Every structure is written in C-alpha cells, then in structure tokens.
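**Q** Let me begin by handing over the structure; questions about it come next.
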Amino acid sequence: MHATEAFLKPLESLAIFQADATPRLEVVRAFETTAGTGRWLAVHPGSGSESKNWSESKWLELLQQVVKSTALHLLLVGGEAERGRLELLAGALPATRLKLMQNTALPELAQWLASCAGFMGHDSGISHLAAAVGVRSLILWGNTNEAVWRPRGRELTILRDSKGLAHLSVEVVLHNLEQLLNHG
C-alpha cells in the first residue's frame, strides 16, 4: 500500500472513502517564465539519507552539461543535510545561471518549484512537494520501495538502474531530462 493511501485510511472513520490519493497544491508562482527570466530547472541533489543520493561527481557532471548545452537556469535546493553538497555544486557553476535556495520555507519553495520548467531530485520530501505543485519531475531512485514511497503526480518519471543508483549514468539521466523538458 502506498504511504498516501495509508495516511488517508483514518478518514474512513469519518465516512470519507474516496479521497484523492494524489496530493495537489495550488500555489501562486514565484514568477512567470518570460523572455527576460528564461526557463528554470530545479535540482535537489540530496535527501535525508546518503544511500538515496546519486554521487556529487555525477550531479556536477550533469549540471555542467545542462549549463553547456541549454539556456536553462538552475535552482539548487536543499536543507541542512545538503549544505556541503550545494556549496560544491554552486561553486562549479556560473553564478549568472544559478539561484541557491537553502533552508527556504516550504511555501516559498513551492512557489518557486511551480514556476520551473522541470525538477530533478531523489526519493525525498522535496520531490513530493514538486509533484504536488505539478512541475514535471525526474526522480533518480535508489533502493527504497517505490510502490510505497514514490511521489504521485501527472508528469513524473522515476529513473533507476537495476544494479543500483550508483550505476545510473550521466548520459541516461541527461537523455531522460531532455525528454521530460521537451515533452510540453
């Protein structure tokens, strides 16, 4: 049973039997994409557990490729757990194409996520927030139970490698990201 369905189960005692199991948040966007603002890709390169994270070196290689081959701006998102990781990545990327959002209040982060062309991350709460605001999402998945913990959303791709997250190549992730962003 998916975690969302388990969390909804107590509503049955109130005679609410068909609650929507796909969380949705309607938020005011932080900005509207125009020729002046460009398109943004939100990236959360961490999670609550290192075992659920793709390596920093692969994130760095991927983000440098994104900067080199697209006009996308990058929104790097994280909390205390990602402090060193975000600083490493931000230091290797052009400041003119980057916004760092660390320890940002969730309502403000939701507004920014809703404004982005896409989101990339891991199995984390931020990935669930991105799915809930409806941003196209590419989730790099490790060894947690997808049937229970995957975010629910309309435009969401789970990407995994049968040998584990460490074996997921930058090329495969970049290809899937391009497909996701060119979808609509």
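With the first letter of the sequence shown counted as 1, position 61 gets the number 61 in the working numbering; the numbers rise by one all the way through.
Note that the Cβ used here is the ideal one computed from N, Cα and C, for glycine as well.
These numbers come from a predicted model, not from an experiment.
1. For a quick check, are the C-beta atoms of V170 and E61 less than 8 angstroms apart?
2. With a threshold of 8 angstroms, are at least 3 pairs of Cβ atoms found where one atom belongs to the segment 119 to 130 and the other to the segment 37 to 45?
3. Which of the three DSSP states, helix, strand or coil, is assigned to L63?
4. How should H175 be labelled, buried or exposed, when 16 other C-beta atoms within 10 angstroms of its C-beta is the threshold for buried?
5. Given E87, which residues of its chain have a CB within under 6 angstroms of its CB, disregarding the five upstream and five downstream residues?
6. What residue range does the beta strand (DSSP E) around A42 cover?
7. In three-state terms, what does DSSP make of S115?
8. Considering only C-alpha positions, which residue in the set R24, N53, K163, A19 is nearest to I139?
9. Quick one: grab the DSSP three-state call for Q179.
10. Since G125 is in the alpha helix (DSSP H), which residue starts that stretch and which ends it?
11. Rounded to the nearest angstrom, what separates T104 and V172 at their Cα positions?
12. From the DSSP output, in three-state form, read off T157 for me.
13. From W59 to V66, what distance separates their C-alpha atoms?
14. Helix, strand or coil for K224? Go by DSSP, reduced to three states.
15. Using 8 angstroms as the Cβ pair cut-off and three pairs as the minimum, do the segment 64 to 82 and the segment 90 to 106 touch?
16. Take the Cβ of E82 as the centre, count every other Cβ of all protein chains shown within 10 Å, and call the residue buried at 16 or more, exposed below.
17. Using only CA atoms, which one of G142, R152, L180 lies nearest to K163?
**A** Let's see:
1. yes
2. yes
3. helix
4. exposed
5. none
6. 40 to 43
7. helix
8. N53
9. helix
10. 125 to 133
11. 30 angstroms
12. strand
13. 10 angstroms
14. Look at the range of the chain in this structure, 1 to 184, and you will see that residue 224 is not part of it.
15. yes
16. buried
17. G142
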